Amino acid sequence: MQDVLNLRRSKVPEVTLAFWVIKIAATTLGETGGDAFSMTMQLGYVISTVIFMAFFVVTAAAQIRARSFHPFLYWAVIVATTTAGTTMADFADRSLGIGYAGGTLILSALVLTVLGLWWRSIGSVSVSSITSPKVEMFYWVTIVFSNTHGTALGDWLADSGLGYEGGALVFAGVLAIVAAAYAFTGMSRTLLFWAAFILTRPLGATVGDYLTKPHANGGLDLSRLSSSAAITLFILACILFIPQRAGSHPGQDEQSA
């Protein structure tokens, strides 16, 4: 009975194939949308980051205050983290001169630090039941840093010589390995969930760059604005026509991870 009540109070969607499809689309939108604001609209990284962080604060506050799972609200916060992550990572890598490698290492440490603080405070980093404001704040802070980290990691790999298409294939391959580990091994479901969640961001970043970067840089040179609009419509269609409900996440039965 308690498990049923926890599922009813859960603030996150059940992890299904549709969840991962929308997540990858949202991370791709983060790249094209973030670049559309900072580059196409020439707002720059700082102003764009302020805009997206304000959007994140508003949507995250509404999400935390909500008493139940609302698909549009949940995915709005996810998109806010991906767009803010794009502009923050680009600002750190390019404007501050940290570079892709430095940005990736710093952001990796931040992700691990937040997860460590979460585990120390709660005793677990499982997201099987996001029912308290404290847990949910850890959840969203982790996602902000992981999406910022993913942008830097995707750019670093693409810039290493693989290009955007090659980088996307590498991340897709690693995600396939994580999926195989989930299907055929007894590895921690919480660990595998976070590995997949974090890796979808650099996949989306490289796909987004591949769609919109100039031909000379290995991209398809599509419009950032039109690409962002098309991806947004795709996400909205998925939310509207694919049933979503609050439910279990990998690691639900784990007591700690």
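Using the working numbering, you'd call the opening residue of the sequence shown number 190 and step up by one each time.
Built from N, CA and C at the ideal position, the CB exists for glycine as well.
Given the structure is predicted, the values throughout are model-derived calculations rather than measurements.
Spatial distance of residue i from residue j (CA atoms)
| i | j | result |
| --- | --- | --- |
| Q444 | K323 | Residue placement at Q444 is flagged as unreliable, the pLDDT there being 42, under the threshold of 50; a coordinate-derived value is accordingly withheld. |
| W308 | D398 | 34 Å |
| V367 | A405 | 33 Å |
| R434 | E203 | 6 Å |
| H259 | T302 | 29 Å |
| A384 | L429 | 27 Å |
| R197 | C427 | Bear in mind that a pLDDT of 47 at R197, under 50, signals an unreliable position, so the number given afterwards is only what the model happens to contain. Whole-angstrom Cα-Cα distance: 22 Å. |
| N336 | L306 | 18 Å |
| L262 | T248 | 7 Å |
| G291 | D282 | 8 Å |
| N195 | E325 | Here N195 scores only 45 on pLDDT, less than 50, and its place in the model should not be relied on; the value that follows carries that caveat. So the two alpha carbons sit approximately 14 Å from each other. |
| G408 | I424 | 23 Å |
| G343 | K402 | 14 Å |
Selected residue, minimal CA-CA separation from residue i, among the options
| i | options | result |
| --- | --- | --- |
| T275 | Y263, K212, L380 and G393 | G393 |
| V314 | G286, L342, F382 and W345 | F382 |
| L414 | L429, A225, M277 and S237 | A225 |
| T270 | T216, K402 and F423 | T216 |
| V268 | A251, G223 and S284 | G223 |
| A391 | A214, A370, A357 and V247 | Reading the sequence as shown, one finds Pro at residue 391 and not Ala. The shortest Cα separation from P391 among A214, A370, A357 and V247 belongs to A357. |
| V330 | V300, S317 and V363 | V300 |
| L304 | S321, D279 and I332 | I332 |
| F334 | I319, G286 and I387 | I387 |
| G339 | L380, M242, G352 and F360 | F360 |
| S412 | T389, V239, G352 and M228 | M228 |
| L346 | S321, K200 and V396 | V396 |
Residue burial classification, residue i (beta-carbon count within 10 angstroms, cutoff 16)
| i | result |
| --- | --- |
| L296 | buried |
| A265 | buried |
| R254 | exposed |
| D410 | exposed |
| R378 | buried |
| G350 | exposed |
| A214 | buried |
| S237 | buried |
| Q252 | buried |
| L400 | buried |
Opening and closing residue of the alpha helix (DSSP H) in which residue i lies
| i | result |
| --- | --- |
| M242 | G233 to R254 |
| S199 | S199 -> no alpha helix (DSSP H), and no H or E assigned at all. |
| M277 | P260 to D279 |
| L380 | R378 to T401 |
| S417 | R413 to F430 |
| T320 | T320 -> no alpha helix (DSSP H), and no H or E assigned at all. |
| I287 | That residue, I287, is in no alpha helix (DSSP H); it is neither H nor E in DSSP. |
| L218 | L206 to D224 |
| A372 | G352 to F373 |
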